[in-house]
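The structure under discussion appears below in the form of structure tokens.
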Amino acid sequence: MTIKGIAVFDFDWSLIEQDSDYWTIHSLSPEIWQEVREKQASYQWTDLMDFALCRLQEAGFTKGDIVNVLKTIPF
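Letter 49 of the sequence shown, counting from 1, is numbered 49 in the UniProt record's numbering, and no numbers are missing.
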């Protein structure tokens, strides 16, 4: 059995000139980013990002969509 996984690294404001969480979510769905902002006070950040990624998936976005958006982050 082959196990597939994805590793996520956060290089905000060091290797990239942007907040990768904001850039990715807001670029794909400003509406979902607004949901994130509204829930920010009541969630721990990694749980909030889990929520956001689940919402993106529910909205029909794919890993490929995320990869394509990440390719547009300014360096």
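Each residue gets a CB set at the ideal place from its N, CA and C atoms; glycine is no exception.
Determine the contact status of Leu28 and Phe61, defining contact as a CB-CB distance below 7 Å. yes
Rank Met49, Ala7, Ser42 by C-alpha distance to the C-alpha of His26 and give the top, closest one. Met49
State the CB to CB distance for the pair Ile73 and Gln18, rounded to an integer number of angstroms; the pair is presumed to be in contact (CB under 8 Å). 5 Å
Where Glu17 sits in the DSSP three-state scheme: coil
CA-to-CA distance, Ile3 to Glu35, given in whole angstroms: 32 Å
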